[in-house]
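Q: Let me begin by handing over the structure; questions about it come next.
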Amino acid sequence: DGAISASPVVLGNLIYFGTRNGTLYALDRSSGELIWQISLGAPIEAAPAFAQGRIYIRTSDGQLHAIQ
Numbered sequence: 001d002g003a004i005s006a007s008p009v010v011l012g013n014l015i016y017f018g019t020r021n022g023t024l025y026a027l028d029r030s031s032g033e034l035i036w037q038i039s040l041g042a043p044i045e046a047a048p049a050f051a052q053g054r055i056y057i058r059t060s061d062g063q064l065h066a067i068q
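Note that UniProt numbering gives residue 68 to position 68 of the sequence shown, counting from 1, and the numbers run on in steps of one.
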């Protein structure tokens, strides 16, 4: 299911959130327009974290994904 699985995070003009179907989304904060999405292959269990220009996200299969 595509329900949001953790708290969304706002960074700059983008809102980031993950879903139970394993998709990470970035939406424009002002318009709500989809900027990008990426499938990570397993449910996302935690809110994204940001460091050193990357987005870090953990999935239910134990993987930590770093997205630039």
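From the three backbone atoms N, C-alpha and C, an ideal C-beta is built for every residue, glycine too.
Small disclaimer: the values here were computed from a predicted structure and weren't measured.
Beta carbon of Ile56, beta carbon of Pro48: below 8 Å?
A: At residue 56 the sequence reads Tyr, which differs from the Ile that was named. Yes, these two residues count as a Cβ contact at 8 Å.
Q: Could you please give the first and the last residue of the uninterrupted beta strand (DSSP E) stretch that includes Thr23?
A: 23 to 28
Q: Closest to Asn13 by C-alpha separation, out of Gln52, Asp28, Glu33, Ser39, would be which residue?
A: Asp28
Q: Helix, strand or coil for Ala66? Go by DSSP, reduced to three states.
A: strand
Q: Under a three-way DSSP split, which group does Arg20 fall into?
A: coil
Q: On the DSSP bridge list, what partners appear for Ala49?
A: Tyr56
Q: What number of angstroms, rounded off, separates the C-alpha of His65 from the C-alpha of Ile35?
A: 19 Å
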